[in-house]
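Read through the structure below, which is laid out as structure tokens, and then see the notes.
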Amino acid sequence: MLMRTDPFRELDRITQQMFGTAGTWSRPSAMPLDAWRDGDTFYVQFDLPGITPDAIDLDVEQNVLTVKAERRPTQRGDNAEVQASERPLGVFSRQLFLGDTLDTEKISAAYEAGVLTLTIPVAETAKPRKIQISGGSDRKELQA
Numbered sequence: 002m003l004m005r006t007d008p009f010r011e012l013d014r015i016t017q018q019m020f021g022t023a024g025t026w027s028r029p030s031a032m033p034l035d036a037w038r039d040g041d042t043f044y045v046q047f048d049l050p051g052i053t054p055d056a057i058d059l060d061v062e063q064n065v066l067t068v069k070a071e072r073r074p075t076q077r078g079d080n081a082e083v084q085a086s087e088r089p090l091g092v093f094s095r096q097l098f099l100g101d102t103l104d105t106e107k108i109s110a111a112y113e114a115g116v117l118t119l120t121i122p123v124a125e126t127a128k129p130r131k132i133q134i135s136g137g138s139d140r141k142e143l144q145a
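In the numbering used here, the protein residues as written are 2 to 145.
If you want it as structure tokens, here you go:
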């Protein structure tokens, strides 16, 4: 269902997590995800805490799903002294290659408590179906 084929992107993601570099539009940081199938539905969840829904961009083009989001720094007063700054800022992006068995025309998205949840139904053509088998009596009728 879901194909992950870019090892260099995974290496970039791990490096960014280790060194805490901020993502830019030309080199976005990766966002963590969970993906699973439950019956005839495929689910993907992305962690995007602190990002407003209007700062999330979701596109599908030829079975490639792209999620982009941006977290900007909090506005602080002129006299503010930062004591700690550990929350990642910048641009986050993730691309998933969806298999032909998923119906990309019917993807729905919901955003709640910093988690973007995508619901992708399995395509009707990919669902298992029963095939009728004609019996031996049908063959005799054809010969008569």
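Heads up, the beta-carbon is just placed ideally off N, CA and C, and yes, glycines get one too.
Review point. Just reading off the beta strand (DSSP E) that D79 is part of, what are its end residues?
Key: Counting from 1 along the sequence shown, the entry for residue 79 is found at position 78. Unbroken run through D79: none, as it is neither H nor E.
Review point. Counting pairs of beta carbons, one from the region 58 to 73 and one from the region 35 to 42, are three or more of them closer than 8 Å?
Key: no
Check your understanding: At what residues does the beta strand (DSSP E) containing K69 begin and finish?
Key -> On the sequence shown, residue 69 is found 68 positions in, with the first residue counted as 1. Run containing K69: 65 to 72, per the beta strand (DSSP E) assignment.
**Study point:** Start and end residues, beta strand (DSSP E) containing L99
**Key:** For this step, residue 99 is matched to residue 98 along the sequence shown. Its beta strand (DSSP E) spans residues 91 to 99.
Check your understanding: When burial is assigned at 16 or more other CB atoms within 10 Å of the CB, is I121 buried or exposed?
Key -> If you number the sequence shown from 1, residue 121 lands on position 120. Counting Cβ neighbours within 10 Å, I121 comes out buried, since at least 16 surround it.
**Study point:** Local conformation of D41 per DSSP, three classes
**Key:** As a working note, residue 41 is residue 40 in the sequence shown. Coil, per DSSP.
Exercise for review: State yes or no: is the C-beta of K69 within less than 7 Å of the C-beta of S109?
Suggested key: Stepping through the sequence shown from its first residue, residue 69 is reached at position 68. Stepping through the sequence shown from its first residue, residue 109 is reached at position 108. No, these two residues do not count as a Cβ contact at 7 Å.
Check your understanding: Would DSSP call A110 helix, strand or coil?
Key -> As a position in the sequence shown, residue 110 is number 109, starting the count at 1. A110 falls in the strand class under three-state DSSP.
Check your understanding: Does the beta-carbon distance from A111 to T118 come in below 7 Å?
Key -> Taking the first residue of the sequence shown as 1, we reach residue 111 at position 110. Taking the first residue of the sequence shown as 1, we reach residue 118 at position 117. Contact: yes.
Review point. From G51, L97, V123, Q133, pick the residue whose C-alpha is nearest to that of F88; which is it?
Key: Counted from its first residue, the sequence shown places residue 88 at position 87. It should be noted that the sequence gives Arg, not Phe, for residue 88. Considering only alpha carbons, the answer is G51.
Review point. Which whole-angstrom value describes the C-beta separation of V116 and T42, a residue pair presumed to lie in contact below a C-beta threshold of 8 Å?
Key: Your numbering for residue 116 matches position 115 in the sequence shown. Your numbering for residue 42 matches position 41 in the sequence shown. Contact flag wrong, Cβ pair sits at about 17 Å.
Exercise for review: Measure the CB-CB distance between L97 and L49 and report whether it falls below 7 Å.
Suggested key: As a position in the sequence shown, residue 97 is number 96, starting the count at 1. As a position in the sequence shown, residue 49 is number 48, starting the count at 1. The answer is no: Cβ separation not under 7 Å.
Practice item. Examine chain C for any beta-carbon lying closer than 7 Å to the beta-carbon of R130, and answer yes or no. Key: Given the protein chain composition of this structure (a single chain), no chain C is represented.
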